[in-house]
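Below you'll find the structure, written out as structure tokens, and then a few comments.
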Amino acid sequence: RIQKNAPIDEIEEGDIVALVMGLYSGKETYIRTAIGSLPRSYLNIATLNSALSDQWIHEFDHPILASLGAGALALLTAFFLRGLLFWASAGLFSLFWIGFALSLFAYGSTTLPLLAPVVSYVLCGGTYFALNMVAGEKRVRSLKQSLEGLVEPEKLKQLIRNSNDIQWQPRLQQLSVMFVDIVGFSKSAERKDPREVFLNLRSFLEKASHVVHEHNGIIDKTLGDGLLAFFGYEFDGSSSNDHADNAVQCAVALQQMALEYALECVAVKAPVYPLRIGIHTEEVFIGDLGGANRVDFSIVGQGVNFAQRCEAACESFRVIFSDATKKSLKRGFDSTFKLHERAIQIKHHDEAFAVWELEPLEENRTQVQQVIRHHRQQIGLEREESRFTLRQSLEAHFKANDIQAEILNFSRSGFLLFTSGYLGVKSRLQLRTPHLQKMGNSFPQLLDVEIRWGQPHRDGYIHGVRILNLNDNEKNALFETLASSNPSLAGVG
Numbered sequence: 013r014i015q016k017n018a019p020i021d022e023i024e025e026g027d028i029v030a031l032v033m034g035l036y037s038g039k040e041t042y043i044r045t046a047i048g049s050l051p052r053s054y055l056n057i058a059t060l061n062s063a064l065s066d067q068w069i070h071e072f073d074h075p076i077l078a079s080l081g082a083g084a085l086a087l088l089t090a091f092f093l094r095g096l097l098f099w100a101s102a103g104l105f106s107l108f109w110i111g112f113a114l115s116l117f118a119y120g121s122t123t124l125p126l127l128a129p130v131v132s133y134v135l136c137g138g139t140y141f142a143l144n145m146v147a148g149e150k151r152v153r154s155l156k157q158s159l160e161g162l163v164e165p166e167k168l169k170q171l172i173r174n175s176n177d178i179q180w181q182p183r184l185q186q187l188s189v190m191f192v193d194i195v196g197f198s199k200s201a202e203r204k205d206p207r208e209v210f211l212n213l214r215s216f217l218e219k220a221s222h223v224v225h226e227h228n229g230i231i232d233k234t235l236g237d238g239l240l241a242f243f244g245y246e247f248d249g250s251s252s253n254d255h256a257d258n259a260v261q262c263a264v265a266l267q268q269m270a271l272e273y274a275l276e277c278v279a280v281k282a283p284v285y286p287l288r289i290g291i292h293t294e295e296v297f298i299g300d301l302g303g304a305n306r307v308d309f310s311i312v313g314q315g316v317n318f319a320q321r322c323e324a325a326c327e328s329f330r331v332i333f334s335d336a337t338k339k340s341l342k343r344g345f346d347s348t349f350k351l352h353e354r355a356i357q358i359k360h361h362d363e364a365f366a367v368w369e370l371e372p373l374e375e376n377r378t379q380v381q382q383v384i385r386h387h388r389q390q391i392g393l394e395r396e397e398s399r400f401t402l403r404q405s406l407e408a409h410f411k412a413n414d415i416q417a418e419i420l421n422f423s424r425s426g427f428l429l430f431t432s433g434y435l436g437v438k439s440r441l442q443l444r445t446p447h448l449q450k451m452g453n454s455f456p457q458l459l460d461v462e463i464r465w466g467q468p469h470r471d472g473y474i475h476g477v478r479i480l481n482l483n484d485n486e487k488n489a490l491f492e493t494l495a496s497s498n499p500s501l502a503g504v505g
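The opening residue of the sequence shown carries number 13 in this note's numbering; numbering runs sequentially from there.
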């Protein structure tokens, strides 16, 4: 091709020369091409030039490979990018590919497939993105269902927005675990309409859950007539050092709430729900135990069992926490609430464990007693046996410890003991009294007893105990022996 104003001597002998008009008017016919509409005469010149210069247009040999490559790139991009970023990448890829194809056509005489790679990118990436969105929505629904109620609503929304930051793998972490139990709920439910019981329980547990959330607690699960909560865990993997304080403060607030709620119920003769609360601080395993299809965030470990044992050994409207929890407190409670050391028994352990009892409603003891009397009537725990008070206490000894005991009064099934140490509810011990020797060798020389309740009294503690290892005849014989050895009784208690 001879360029414009080129010297004539560029034409050599034997060359074939074609003269084509390079001008075109406004009425020239235009032809639609991949790079836009061009004059027909210009296309004729370009075609003739290609033939004369032996520059032929070549098609790309592997169009399917181009589409597959675009699809693979889309999958990789969709894996790393989310939302609008991915669709922005799809637009950028489309512009890049079309520009690259046109440039290769114009300067390399090679045609590339224009639409197929772009469509492949959008379809592959869009499909992956859609499936990922569906899986994400399913995960969010599962997360919401699992964590709803565990944390306060605002915290739940924050966790859902940042669900990728949640640490799901189980790990060992020190937490303060709290068990809350409604005393005598099963017996109370037997005497009421099931629907009324359900509505009252739901209302009460909602109030309790709100208190737990206010103190940065997480509710692991509701237990029908109570709940399990823990303090000190953050879903992003961080931890706090004041979880023991939060747990104890939460327990105090729960008991105060329970008393206020109970007084309202007493006024309208509705069921009351006294609480007993146990707290223990220890390392436990925490994480998602639900597997791939569901989220089940929970805690397991011996620390959970010990917290439950503290709850079982607790009295109504009181709190028991372990020695480990007491040592973890950053702010002491001794100045605000009086603490009493108490010994409890743990299953499969012979020795007793020291725990601490806190009575957060000591200043409201009259109101507490009023509620407890109402509750006992509500569940049918009226005293059926006569209890006789001794003018002179009888000496007794516990086999397993050095705690001294005196029998203050007795019935056919148990005693009231004055002791030098504070024993946990449901503790089972062996008691020896000199009066057993008068019963003969055929009579058990040790009484198996269970602590039913206890409270501080003067310079010691009083406990109600129930005899476990005597039949009715043996109980009557022991009763007669105690009565005959104390002819002067104060009367029926």
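C-beta: ideal position from N, C-alpha, C; glycine also.
Pairwise C-alpha distance: residue j and residue i
i: Phe228; j: Lys438; result: At residue 228 the sequence reads Asn, which differs from the Phe that was named. Rounded to the nearest angstrom, the two C-alpha atoms are 31 Å apart.
i: Glu272; j: Asn144; result: 50 Å
i: His475; j: Gly315; result: 27 Å
i: Ala265; j: Glu369; result: 15 Å
i: Glu486; j: Leu402; result: 20 Å
i: Asn483; j: Leu235; result: 35 Å
i: Glu385; j: Ala270; result: In the sequence as displayed, the identity of residue 385 is Arg instead of Glu. Distance between the alpha carbons of Arg385 and Ala270 is about 15 Å.
i: Ser101; j: Thr122; result: 26 Å
i: Cys136; j: Pro19; result: 56 Å
i: Gln267; j: Asn212; result: 17 Å
i: Leu114; j: Phe108; result: 10 Å
i: Tyr506; j: Gly48; result: With the chain covering only 13 through 505, there is no way to say anything about residue 506.
i: Ala63; j: Leu87; result: 43 Å
i: His292; j: Gly81; result: 59 Å
i: Thr493; j: Thr445; result: 12 Å
i: Thr431; j: Gly466; result: 10 Å
i: Leu96; j: Gly83; result: 18 Å
i: Leu184; j: Phe247; result: 14 Å
i: Tyr469; j: Arg377; result: A small correction: the amino acid at residue 469 is His; Tyr does not occupy that position in the sequence shown. Computed Cα separation, rounded: 14 Å.
i: Pro372; j: Val260; result: 10 Å
Short Cβ contact (8 Å threshold) for residue i with residue j
i: Val367; j: Gly313; result: no
i: Arg478; j: Ser425; result: yes
i: Val195; j: Arg330; result: no
i: Phe410; j: Leu443; result: yes
i: Gly433; j: Ile415; result: yes
i: Gly2; j: Ile332; result: Absent from the structure is residue 2, since the part of the chain shown begins at 13 and ends at 505.
i: Pro75; j: Ala128; result: yes
i: Glu323; j: Gln186; result: no
i: Ser275; j: Val383; result: The sequence given here places Leu at residue 275; Ser does not occur at that position. Taking 8 Å as the Cβ cut-off, Leu275 and Val383 qualify as a contacting pair.
i: Ala256; j: Leu341; result: yes
i: His387; j: Pro286; result: yes
i: Gln181; j: Gly299; result: yes
DSSP bridge partner residues for residue i (one or two, in chain order)
i: Gly196; result: Partner(s): none; Gly196 has no beta bridge.
i: Thr234; result: Leu239
i: His292; result: Val189
i: Val312; result: Phe297
i: Ser49; result: Arg44
i: His386; result: Bridge partners of His386: none, in fact.
i: Pro182; result: None; Pro182 has no bridge partner.
i: Tyr473; result: Thr431 and Pro468
i: Trp368; result: Phe333 and Glu353
i: Glu245; result: The sequence given here places Tyr at residue 245; Glu does not occur at that position. Note: Tyr245 sits in a beta bridge opposite Ser251.
i: Ala408; result: Ala417
i: Ile479; result: Val461
i: Arg444; result: His409
i: Leu77; result: None, per the DSSP bridge assignment.
i: Leu287; result: Ile194
Best match in the options for proximity to residue i [C-alpha to C-alpha]
i: Gln457; options: Tyr273, Asn481 and Asp335; result: Asn481
i: Glu363; options: Asp335, Ile332, Asn413 and Phe400; result: Asn413
i: Val461; options: Gly26, Pro372 and Leu428; result: Leu428
i: Tyr119; options: Phe349, His70 and Tyr434; result: His70
i: Val189; options: Lys233, Leu213 and Glu218; result: Lys233
i: Ile230; options: Ile110, Ala142 and Gly244; result: Gly244
i: Asn258; options: Thr337, Leu287, Glu202 and Phe210; result: Thr337
i: Val224; options: Cys262, Ser53, Gln320 and Arg321; result: Cys262
i: His360; options: Cys326, Phe318, Phe430 and Asp335; result: Phe318
i: Phe92; options: Glu371, Ala78, Ala113 and Phe141; result: Phe141
i: Leu240; options: Glu246, Asp205 and Phe191; result: Phe191
i: Ala355; options: Phe105, Ser334, Ile57 and Phe430; result: Ser334
i: Arg399; options: Gln389, Thr41 and Phe491; result: Phe491
i: Thr89; options: Phe105, Tyr42, Glu218 and Glu208; result: Phe105
i: Gly238; options: Asp300, Ile23, Arg214 and Arg151; result: Arg214
i: Ala325; options: Phe349, Arg440, Lys281 and Glu246; result: Arg440
i: Ala279; options: Phe309, Pro206, Gln379 and Arg321; result: Gln379
i: Gly138; options: Thr348, Ser310, Leu85 and Phe72; result: Leu85
i: Ser198; options: Lys219, Gly148 and Val284; result: Val284
Residue i: CB within 7 Å of a non-hydrogen atom of the ligand FMN
i: Gly26; result: In the structure shown, the ligand FMN is absent, as is every other ligand, since no ligand is present at all.
Proximity test, Cβ basis, 8 Å: residue i and chain D
i: Phe410; result: Among the chains of the structure shown, chain D does not appear; only one protein chain is present.
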